[in-house]
Amino acid sequence: MATENQESTARAQWWDNGNVCIRCPRCGELHRHGFDGRYTDDNRRVSHCGPNRDGGVRGQQLEYNIRFPVGYVIDKKNVRFVAGEYEALASARNIGVSDKERVERLRHQFREQVQRRPKWTSATEIEELFEGFTAKTIGTAAAKLVLGNVQYVRRYIETSADSNIFLHGVDSWCDNDMETGDTDVREGAVGTHGKTALHMAACEACPEMVDLLLAKGADVNAADLNGRTPLIEAVSWGRLQNVETLLRYGADKTLPCIDRERLLLAVHCARTPEENAQSRWRPISIRGSSSFEPVSKEKAYARNRDRERIVQLLTDGAEEPSDPELGGFDFRPVHVESGLLSSTTQYDLHDEPMTVARLYRGQGLAEVSAVSAWSPSLSEAIQVDGRDWTPQVFQLSACLGLTMEPDKRDQGIPGQFNASHAEKQLIAYFVHKHLFLESELHIPDEPHDDLLEQVMLLSVEERTDETIKQRQRERQRIMRERAYKIKLNQLWAARPGQSLKEAAIVCSLPVCQDCKRFVAEVNGQFGLALLLHHHCLDPGCPSCPR
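Every number in our numbering is 22 more than the matching position in the sequence shown, counting from 1.
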């Protein structure tokens, strides 16, 4: 009997002039194949994971056609092209490994966010359950939520005076109610793990409940004390439909959570059911007790196929080309509330008002933020650090033949203040990630003189051990640079036929004239279409497009 092949599509995660690494549509793992640099419609390969892996039918092989994304970046450090979704998972080296300093900083951030939310214990509505026994109605609503009673929860949200607490608050309890664990936050006699109603619904097999809460305004990216979002809960329990609903409402799949002093992303929880079992089986009771029995006893291990699809959802970027969408992202006027500059993102700024800018590229590429400063940023929401990217702005300016305008705030380095503007940092970031510059591709000449000949040209006084070692180190540096530039040129020769040319940068403050001049020069010389916009929630702002 002839072997029957099943053909599917596999998205390239990274590739260079000789190899391509794909995400397998069957097992969700990475497979590497040879690549000759040709971007044709017929790039078929056979999966490495075998015909019988994860329920495959005996005698069948999975054959897939490799699809290269429009949304990719140039990884010049590792000399390869990287798909946007893979970059989002791998850009931070400390994701999935121990980093005590960052873990503690994030834990403090999560704790502060939870403390700002209302607690369910502050609800006031009382109902009589049976004669002589009353309880808070919010507890009944939580029980109905877990049981999937959408009609009851809808009616409660639409009629109860405590609906705002239920939707936007966190499950909590009083110390005299029950024994509590160590992983809670205390405010007087009240404890909480930071779980919202949406966290609870995300664990259960009722996508209609998840959709209801989101439609009523629940925070799709709410984080508990360990940074676990509703998306991470749904992924951990293998709830495919919940994951689809959360992503449709804008759930951020790149937010990290803390798991046993490691930082993990949602996709890690989907791939390793054994490792996240402890997090899944952690009780989420109606009142938040860690001593209660789990509400759901259902084992998630039986949903392997759903997990495969979840992995695809969490790693896939845009299926079709898309323009950057700016809707729903506006900056609040600086005077409204210090540190809260965006309607969707928390930026912790402790100095005088500074510009925060956000880069939108579309095509499944991550949104990136920068702040106007040349010192390192302490905010987790800032991905482009002024300490690293202000020098990059100077280098890009030199390539363009531009000079940064001096300012009295330069602090000894002419042009530093203007070079540190968040808009310019993001422009330099875009160019670095999406373009090959001529200066980067220049291959230095190979040193022709050997070390002995160089030493013989020195006078007797100059022939010291340190001088000889210095000449040797310089020769080795040139050879390393030459080898790197040759590899980079090979990558350039294997580049796709199309690259990203358009992006939008949204700024918290009106764009200055120097940044307008800079972006116009970059667009003109490189054939780009980068747009700078100022968006805020101030209805009277004269700089915002209306």
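Where is the CB? At the ideal position from N, CA and C, for every residue including glycine.
Original post:
Span of the beta strand (DSSP E) holding C279?
Top reply: Per DSSP, C279 belongs to the beta strand (DSSP E) from 279-281.
Original post:
If you draw a straight line from the alpha carbon of D241 to that of G191, how long is it in whole angstroms?
Top reply: 10 angstroms
**OP:** Determine the DSSP secondary structure at S307, reduced to helix, strand or coil.
**Re:** Low per-residue confidence applies at S307: pLDDT is 44, beneath 50, and the placement is therefore not dependable enough to give any value.
**OP:** With a floor of 3 residues, list each beta strand (DSSP E) that falls wholly inside the segment 152-187, ordered by position along the chain.
**Re:** 155-158
Original post:
Going by beta carbon distance, what residues of the same chain come within less than 8 angstroms of E341, once the five residues before and after it are set aside?
Top reply: Bear in mind that the predicted position of E341 carries a pLDDT of just 45, short of 50, making it too unreliable to give a figure here.
Original post:
How big is the Cα-Cα spacing for D281 and G161?
Top reply: 29 angstroms
Subject >> Which of helix, strand or coil DSSP assigns to G408 >> reply: Residue state, collapsed to three classes: helix.
Original post:
How would you write the range of the beta strand (DSSP E) that L286 sits in, first residue to last?
Top reply: Looking at the DSSP string, the run of the beta strand (DSSP E) that includes L286 is 284-286.
**OP:** Identify whether E57 lies in helix, strand or coil by the three-state DSSP scheme.
**Re:** Checking the sequence shown, residue 57 turns out to be Phe, not Glu. In this structure, F57 counts as coil in the three-state DSSP scheme.
**OP:** Taking only the alpha-carbon atoms, compute the straight-line gap between E123 and A105 and give it to the nearest angstrom.
**Re:** 29 angstroms
**OP:** Go ahead and pull the three-state DSSP assignment for E503.
**Re:** Helix, per DSSP.
**OP:** Measuring alpha carbon to alpha carbon, tell me which of T146, A450, A245 ends up nearest F132.
**Re:** A245
**OP:** Report the rounded CA-to-CA distance for V358 versus Q35, giving the unit in angstroms.
**Re:** Caution applies to V358, whose pLDDT of 38 falls short of 50 and renders its modelled position unreliable; the value that the coordinates give is listed next. Roughly 42 angstroms between the two C-alpha positions.
Original post:
Can you tell which of V232, G437, A145 has its C-alpha closest to the C-alpha of C196?
Top reply: A145
Subject >> C529 - containing beta strand (DSSP E), residue span >> reply: 524-529
Subject >> Same chain, Cβ closer than 6 angstroms to W37, five either side skipped, listed in chain order >> reply: F57, F103
Original post:
Considering only the beta carbon of each residue, do A172 and M231 sit closer than 7 angstroms?
Top reply: Inspection of the sequence shows that residue 172 is occupied by Val rather than by Ala. Taking 7 angstroms as the Cβ cut-off, V172 and M231 qualify as a contacting pair.
Original post:
On the premise that L531 lies in contact with H556, defined as a C-beta separation below 8 angstroms, what is that separation, rounded to the nearest angstrom?
Top reply: That belief holds up - the Cβ atoms of H556 and L531 are roughly 7 angstroms apart, short of 8 angstroms.
Original post:
Which of the three DSSP states, helix, strand or coil, is assigned to T31?
Top reply: Strand, per DSSP.
**OP:** List the DSSP bridge partners of Y94.
**Re:** A105
Original post:
Candidates V528, I465, Q492, V533: which alpha carbon is nearest M501's?
Top reply: Nearest option by C-alpha distance: I465.
Original post:
L52 bridges to which residues according to DSSP?
Top reply: R45
Original post:
Are there three or more Cβ pairs, one per stretch, closer than 8 angstroms when the segment 246-260 is compared with the segment 272-287?
Top reply: yes
Subject >> Rounded separation between E503 and E460 - CA only >> reply: 15 angstroms
Subject >> Beta-carbon proximity of I332 to V415, cut-off 7 angstroms >> reply: no
Subject >> Candidates D432, P413, Q433, K455, of which the one nearest R383 by Cα >> reply: K455
Original post:
Is W142 closer than 7 angstroms to D97 when the C-beta atoms are compared?
Top reply: no
**OP:** Just confirm the distance between the C-beta atoms of S30 and Y86, as a whole number of angstroms; I'd bet it's less than 8 angstroms.
**Re:** 4 angstroms
Original post:
Secondary structure at H215, three-state DSSP: helix, strand or coil?
Top reply: coil
**OP:** Report the residue from V68, L387, D64 whose alpha carbon sits nearest the alpha carbon of F452.
**Re:** L387
Original post:
From R177 to A32, what does the alpha carbon distance come to, in whole angstroms?
Top reply: 44 angstroms
Original post:
Looking at the structure shown, is C558 part of a helix, part of a strand, or coil, going by DSSP?
Top reply: strand
**OP:** Between the Cα of T425 and those of V168, N440, R431, L457, spot the shortest distance and give me the residue it belongs to.
**Re:** N440
Subject >> Own chain partners of Q135 with C-beta closer than 7 angstroms, once the 5 adjacent residues on each side are dropped >> reply: Excluding positions up to five away in sequence, the list reads A245.
Subject >> Contact with chain E by F103, beta-carbon distance below 7 angstroms >> reply: As a matter of chain content, chain E is missing from the structure shown, which is built from one protein chain.
Original post:
For N87, does the three-state DSSP call read helix, strand or coil?
Top reply: Residue state, collapsed to three classes: strand.
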